[in-house]
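Trainee: So for the sequence shown, the working numbering puts the first residue at 3; every next one is plus one.
A virtual CB, placed ideally from N, CA and C, is assigned to each residue, including glycine.
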Amino acid sequence: MLRLGPALLARLARAPLRAPLRPCGGAAAGHGEEQERFVFLEYEPDAAERAAAALRREQELKPKPRWERERKPRRERGAAAAVPSLSDPSLPPSGVSCSGCGAELQCGDGGAPGFVPAERYRSLLSEGPAGLRGAVCQRCWALAHHGSALHLRLPPDQHRRVVSAALRRPPRHGRGPLLLYVLDVMELPDPVLPQLPALLGPDVPAAGVLVVGNKVDLLPADCRGHLGRLRQRVAAACARAGLRGAALVDIRLVSAKTGYGVEGLVSRLQRSWKCAGDVYLLGATNSGKSTLFNTLLRSDYCKSRAPDIIDRATVSPWPGTTLNLLKFPVINPTCDRIFRRQERLKEEATKTEDQLSSEEKKSLNQLKKQGYLVGRVGRTFQQQKSSAEIDFDPDTLSYSMDEDPRDAPNKLEEKEEFTHNEVKDARWCFDTPGIVKEDCVLNLLTEKEVKLVLPSHAIVPRTFILKPGMVLFLAALGRIDYLEGEKPAWFSVLASNLLPVHITTLSNADTVYEKHAAQEFLKVPMGGEERMKEFPPLVPQDITLKGIGTTEAVADIKLSSAGWVAVTAHAEEELVLRAYTPKGTALVVREPPLLPYISTIRGARIPGTPAYRTKKPPSFVENLRTTGRR
Numbered sequence: 003m004l005r006l007g008p009a010l011l012a013r014l015a016r017a018p019l020r021a022p023l024r025p026c027g028g029a030a031a032g033h034g035e036e037q038e039r040f041v042f043l044e045y046e047p048d049a050a051e052r053a054a055a056a057l058r059r060e061q062e063l064k065p066k067p068r069w070e071r072e073r074k075p076r077r078e079r080g081a082a083a084a085v086p087s088l089s090d091p092s093l094p095p096s097g098v099s100c101s102g103c104g105a106e107l108q109c110g111d112g113g114a115p116g117f118v119p120a121e122r123y124r125s126l127l128s129e130g131p132a133g134l135r136g137a138v139c140q141r142c143w144a145l146a147h148h149g150s151a152l153h154l155r156l157p158p159d160q161h162r163r164v165v166s167a168a169l170r171r172p173p174r175h176g177r178g179p180l181l182l183y184v185l186d187v188m189e190l191p192d193p194v195l196p197q198l199p200a201l202l203g204p205d206v207p208a209a210g211v212l213v214v215g216n217k218v219d220l221l222p223a224d225c226r227g228h229l230g231r232l233r234q235r236v237a238a239a240c241a242r243a244g245l246r247g248a249a250l251v252d253i254r255l256v257s258a259k260t261g262y263g264v265e266g267l268v269s270r271l272q273r274s275w276k277c278a279g280d281v282y283l284l285g286a287t288n289s290g291k292s293t294l295f296n297t298l299l300r301s302d303y304c305k306s307r308a309p310d311i312i313d314r315a316t317v318s319p320w321p322g323t324t325l326n327l328l329k330f331p332v333i334n335p336t337c338d339r340i341f342r343r344q345e346r347l348k349e350e351a352t353k354t355e356d357q358l359s360s361e362e363k364k365s366l367n368q369l370k371k372q373g374y375l376v377g378r379v380g381r382t383f384q385q386q387k388s389s390a391e392i393d394f395d396p397d398t399l400s401y402s403m404d405e406d407p408r409d410a411p412n413k414l415e416e417k418e419e420f421t422h423n424e425v426k427d428a429r430w431c432f433d434t435p436g437i438v439k440e441d442c443v444l445n446l447l448t449e450k451e452v453k454l455v456l457p458s459h460a461i462v463p464r465t466f467i468l469k470p471g472m473v474l475f476l477a478a479l480g481r482i483d484y485l486e487g488e489k490p491a492w493f494s495v496l497a498s499n500l501l502p503v504h505i506t507t508l509s510n511a512d513t514v515y516e517k518h519a520a521q522e523f524l525k526v527p528m529g530g531e532e533r534m535k536e537f538p539p540l541v542p543q544d545i546t547l548k549g550i551g552t553t554e555a556v557a558d559i560k561l562s563s564a565g566w567v568a569v570t571a572h573a574e575e576e577l578v579l580r581a582y583t584p585k586g587t588a589l590v591v592r593e594p595p596l597l598p599y600i601s602t603i604r605g606a607r608i609p610g611t612p613a614y615r616t617k618k619p620p621s622f623v624e625n626l627r628t629t630g631r632r
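(1) For the candidate residues G551, L476, F493, G487, whose alpha-carbon lies nearest to that of Y515?
(2) What is the C-beta distance between L456 and N288, in whole angstroms, given that I count them as a contact (C-beta under 8 Å)?
(3) Just verifying my parser: in three-state terms, what is the DSSP assignment at C304?
(4) Between the C-alpha atoms of R592 and K291, what's the straight-line distance to the nearest angstrom?
(5) Taking 8 Å as the threshold (C-beta atoms), are L454 and V526 in contact?
(6) Measuring alpha carbon to alpha carbon, tell me which of A491, L626, K439 ends up nearest L198.
(7) CA-CA distance, V281 and T434?
(8) Assuming contact is defined by CB atoms lying nearer than 8 Å, are V443 and R464 in contact in what I supplied?
(9) Can you tell me the Cβ-Cβ gap for I253 and G285, rounded? I've got them flagged as a contact below 8 Å.
(10) Just how far apart, CA to CA, sit L245 and L271?
(11) Please classify L447: does DSSP put it in a helix, a strand, or coil?
(12) Between the C-alpha atoms of A564 and L479, what's the straight-line distance to the nearest angstrom?
(13) If we ignore side chains and look at the alpha-carbon of each, how far apart do L232 and L596 end up?
(14) Please list, in chain order, all residues of the same chain as C225 whose beta carbon is under 6 Å from its beta carbon, the five residues on each side excluded.
(15) Report yes or no: do the segment 350–368 and the segment 605–616 share at least 3 C-beta pairs separated by less than 8 Å?
(16) Would you call the segment 534–552 and the segment 573–591 touching, i.e. three or more CB-CB distances under 8 Å?
(17) Does the beta-carbon distance from L366 to V379 come in below 8 Å?
(18) Run through DSSP, which three-state label would R604 get?
(19) For the beta strand (DSSP E) containing Q543, list its first residue and its last residue.
(20) Restricting to Cα atoms, I'd like to know which of D544, G373, S257 is closest to S621.
(21) Whose CA, out of V332, L327, T382, I340, lies closest to the CA of E350?
(22) Leaving out five residues before and five after H228 in sequence, what residues of the same chain have Cβ atoms less than 8 Å from its Cβ?
(23) Apart from the five residues just before and just after R342, which ones in its own chain have a Cβ nearer than 7 Å to its Cβ?
(24) Tell me, please, which residues DSSP counts as bridged to H633.
(25) Given a cut-off of 8 Å, decide if S89 and L134 are closer than it, judged by their beta-carbon atoms.
(26) Measure the alpha-carbon distance for A223 versus C100 and round it to whole angstroms.
(27) Would you tell me roughly how many angstroms separate the C-alpha atoms of D483 and S498, rounded to the nearest one?
(28) Is it the case that the Cβ atoms of P490 and L508 are separated by a distance below 8 Å?
(29) Counting only the same chain and skipping the five closest in sequence on each side, list residues whose C-beta sits under 6 Å from that of Q521.
(30) My output table needs one value for C139: the three-state DSSP class, helix, strand or coil.
(31) So, helix, strand or coil for Q108, using DSSP?
(32) Kindly give me the distance between the Cβ atoms of K560 and V590, rounded to whole angstroms, as I take these residues to be in contact under 8 Å.
(33) Whole angstroms are fine: how far does the CA of V98 sit from the CA of A137?
(34) Can you round the beta-carbon distance between G261 and T297 to whole angstroms, since I take them to be within the 8 Å contact cut?
(35) Given this structure, state the Cα-to-Cα distance separating P619 from S601, to the nearest angstrom.
(36) Can you tell me where the alpha helix (DSSP H) with L456 in it begins and where it stops?
Here's what the structure looks like:
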């Protein structure tokens with residue numbers, strides 16, 4: 003029976019009650035209109051906490067001393083400057099890879115991949131050969147616990163060396179590797195895909211390339227059959243890159259985050275078992291490779307014992323998280339296993355949402371809030387574990403306010419290991435470092451700014467009707483001027499819901515940018531005048547479009563990786579536009595547009611403004627009987 007110590011009971015009695023959660027917040031949808039409401043959960047503090055917060059705000063408003071104003075931000079100082087006293091060059095590298103990013107663990111250089119503070123490093127070494135196994139470097143620890151990165155990234159030359167060396171290994175099992183190229187569908191045309199043939203080279207005996215279009219959960223369905231049209235766009239991008247015929251094994255659309263399409267991908271990979279040896283995940287930074295790696299690790303594609311032995315890859319919005327090779331063993335899809343898997347998928351497809359467990363319902367509802375397309379990834383083959391009771395004394399965990407917490411006794415848990423027979427003939431799935439995208443706006447941003455720019459939830463389209471002489475700002479990262487035209491046109495913004503959109507006139511546009519860039523009004527970049535001194539200026543590009551109808555967009559104006567604006571105009575109406583992005587980033591006119599009917603997903607016009615009310619389409623759950631199929 004669970005007992006609570008008297009000290010812990012007394013402490014719980016003194017703990018204040020928590021206030022309920024309430025909705026709040028909003029972001030301006032346009033110039034002069036009422037605010038669009040985005041609901042966030044916010045903790046409502048009590049009176050003491052409100053007073054403390056007011057005091058903190060008062061201190062923040064005080065002028066900072068000169069030395070603090072002139073101090074360089076952490077991203078410029080670098081990780082090595084932040085931890086010089088924690089390194090010990092006298093200790094050699096461990097020869098063991100970080101279980102989060104794959105870099106070799108070491109304590110000699112605080113600015114290099116795989117760094118572990120010297121004290122922690124010695125402690126792990128003292129535990130014997132198994133001490134470092136499963137450990138993570140300081141960078142992965144910071145990403146996992148604080149959402150911050152130390153800005154370590156493989157240089158381009160080193161990146162190519164790591165990936166090329168892996169692909170040029172002597173073929174195992176008599177065949178070359180299967181390449182799983184992960185492509186962010188929102189980044190079409192993919193800037194890295196054309197580099198793939200050069201990266202492989204003529205001496206790489208690859209069995210083929212399977213292209214995975216990821217992040218389809220973030221895009222709303224603008225009409226029936228939108229996924230088929232997205233697949234055609236990916237196929238066209240592959241053809242332009244020289245991937246066609248036998249070299250292109252298949253194209254799959256998935257969401258590595260919500261699980262949509264993953265079960266179908268696993269079935270397709272298992273049918274490729276005799277066609278290839280090992281499998282390598284390739285793709286640009288932020289394409290979702292590590293998320294897909296983690297999802298496959300907990301699916302039927304992986305050996306049943308592997309999730310208990312292999313740690314998950316570190317996932318972060320910061321580019322270049324994976325610094326070396328991570329891997330897990332692929333299960334052998336025997337006839338019996340394929341049959342049992344098909345039976346499980348048939349059984350699960352007959353279930354209704356009411357038949358799911360409370361835990362499954364909770365997870366499903368959370369995924370519905372995050373994406374439009376949701377899938378349920380299960381496991382047919384699982385390692386059976388004996389149910390063991392948790393043996394602990396609650397009194398050892400209780401302590402009074404004037405007592406220090408008691409340290410729990412050090413118990414070295416023996417980690418499971420693969421046997422020789424389990425892996426001697428195994429095929430492996432490798433997660434490789436992301437290929438850095440050149441001319442990308444993400445390369446100019448700080449950690450906080452990247453989190454605002456990269457969408458983590460389903461994108462809610464925002465549509466505006468503009469007349470000639472009007473300007474649209476997407477934060478301070480992109481600008482579109484409507485210079486000439488006879489009639490109004492519709493501009494639909496598809497970008498992170500956290501990025502503000504502002505509409506103004508051409509005569510006021512320069513003033514708005516100079517006054518509000520790096521301020522809360524335009525939000526990104528952030529940091530005021532000092533930030534804008536180092537941020538590149540916006541550079542223009544003139545664009546001429548001819549409308550094809552009031553319900554179908556003629557083109558997307560892609561503002562680097564910040565998002566895009568779909569332009570819809572009257573048939574045969576000629577528009578003269580001027581689009582701006584920060585210097586050194588790519589501006590792409592995408593024809594045909596990715597979601598041509600996106601302007602139809604809107605509510606009523608907001609009176610007195612150029613904005614329409616937003617509308618969020620419903621979510622769709624794959625393989626669930628209660629929901630109609632698309």
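Mentor: Inspection of the coordinates gives the following:
(1) Of the listed residues, the one whose Cα sits closest to Y515 is L476.
(2) That belief holds up - the Cβ atoms of L456 and N288 are roughly 7 Å apart, short of 8 Å.
(3) Here C304 sits in strand by DSSP.
(4) Going by the C-alpha atoms only, they are around 25 Å apart.
(5) Contact: yes.
(6) Closest option to L198, judged by alpha-carbon separation, among A491, L626, K439: K439.
(7) Rounded to the nearest angstrom, the two C-alpha atoms are 11 Å apart.
(8) It is not a contact, given that the beta carbons lie outside the stated cut-off.
(9) Contact between I253 and G285 is absent: CB atoms are separated by about 14 Å, not below the 8 Å threshold.
(10) Cα to Cα, the separation comes out at about 18 Å.
(11) Coil.
(12) When rounded, the distance between both Cα atoms is 7 Å.
(13) In this model, L232 and L596 are separated by some 7 Å (Cα to Cα).
(14) Non-local C-beta neighbours of C225 in its own chain, meaning closer than 6 Å and more than five positions away in sequence, comprise Y599, ordered along the chain.
(15) Touching, no.
(16) The answer is yes - the segment 573–591 touches the segment 534–552, with three or more Cβ pairs under 8 Å.
(17) In this structure, V379 does not lie closer than 8 Å to L366 by Cβ.
(18) R604 carries a coil assignment under DSSP once its states are collapsed to helix, strand and coil.
(19) From DSSP, the beta strand (DSSP E) with Q543 extends over 540–548.
(20) Residue G373 is the option with its Cα nearest to S621.
(21) Ranked by Cα distance from E350, the first of V332, L327, T382, I340 is T382.
(22) Here the set comprises L221, L597.
(23) Excluding its 5 nearest sequence neighbours in each direction, R342 has C-beta neighbours in its own chain below 7 Å: T382, listed in chain order.
(24) Since the first and last residues shown for the chain are 3 and 632, residue 633 lies out of range.
(25) No, these two residues do not count as a Cβ contact at 8 Å.
(26) Approximately 40 Å, taken between the alpha carbons.
(27) Cα to Cα, the separation comes out at about 21 Å.
(28) No, these two residues do not count as a Cβ contact at 8 Å.
(29) So no residue of the chain qualifies.
(30) In this structure, DSSP gives C139 a state outside helix and strand, which the three-state scheme calls coil.
(31) Q108 falls in the strand class under three-state DSSP.
(32) For K560 against V590, the beta-carbon gap comes to about 4 Å, under 8 Å, which counts as contact.
(33) Spanning the two alpha carbons is a distance of roughly 9 Å.
(34) Contact holds; Cβ gap of about 7 Å.
(35) Counting only the Cα atoms, S601 lies some 13 Å from P619.
(36) No alpha helix (DSSP H) contains L456, which DSSP labels as neither H nor E.
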